[in-house]
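> If you scroll down you'll find the structure; I have some questions about it.
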Amino acid sequence: MPRSRGWVAVLWGANFDEKAAAIFVTELRAAGLWVKLVGLSPLHISGSHGLVLVPDFTLDQALAAAQDVIGVIIPYASPGIKRLKNDPRLRLFCEQAARNEAKFIVDRILSDPLAEIGLFYTAVEKLILYPSSETLVEFARQAAGMLRG
């Protein structure tokens, strides 16, 4: 699959980090990548500071297009991350993305809890960790280059 035809999923669920989600969506789209905010529930979803973002795709729609995903970004930095393992569709989506050799970008706070969750078909060591600071905009711009392949 040529990288130019793929898309990037920015996962969006309750208590996710709206600042990180907005930065990744904005910067990656500005770089010309096809980016979709993927809602983990069908309802309007509030982030960790109460901002509601409206997803572009449902998780079911993302799963149907998972064969073309080149990157998965999980902007979540809360202890409640373990609840993500309860949705088999999310596990299936992540497994398909890993088979496509998609890059997984997560907050560095999540690197240990993700190992416990077992969401990924690939090794947790292969995750790309993003900074939780004012350097996130620059990191998102660099991520655009990484995702292009």
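The sequence shown begins at 33 in the working numbering and counts up by one. Each residue gets a CB set at the ideal place from its N, CA and C atoms; glycine is no exception. From a predicted model like this one, the values you see are computed outputs, not experimental measurements.
Between the Cα of G71 and those of I105, A175, Y162, spot the shortest distance and give me the residue it belongs to.
If we check each option's Cα against that of G71, I105 comes out closest.
> Please name the residue or residues paired with A103 in a DSSP beta bridge.
Per the sequence presented here, residue 103 reads as Gly, with Ala not at that position. According to DSSP, G103 bridges with V40, K135.
> Assign D49 to buried or exposed, taking buried as 16 or more other Cβ atoms, counted over all protein chains shown, within 10 Å of its Cβ.
Burial call: buried.
> Confirm, please, whether the CB-CB distance from A98 to F212 is below 7 Å.
The displayed coordinates of the chain run from 33 to 181. Any statement about residue 212 would go beyond what the structure contains.
> Beta carbon of W66, beta carbon of W39: below 7 Å?
yes
> Answer with buried or exposed for P163, where buried requires no fewer than 16 other C-beta atoms within 10 angstroms of its C-beta.
P163 is exposed by the Cβ-count criterion.
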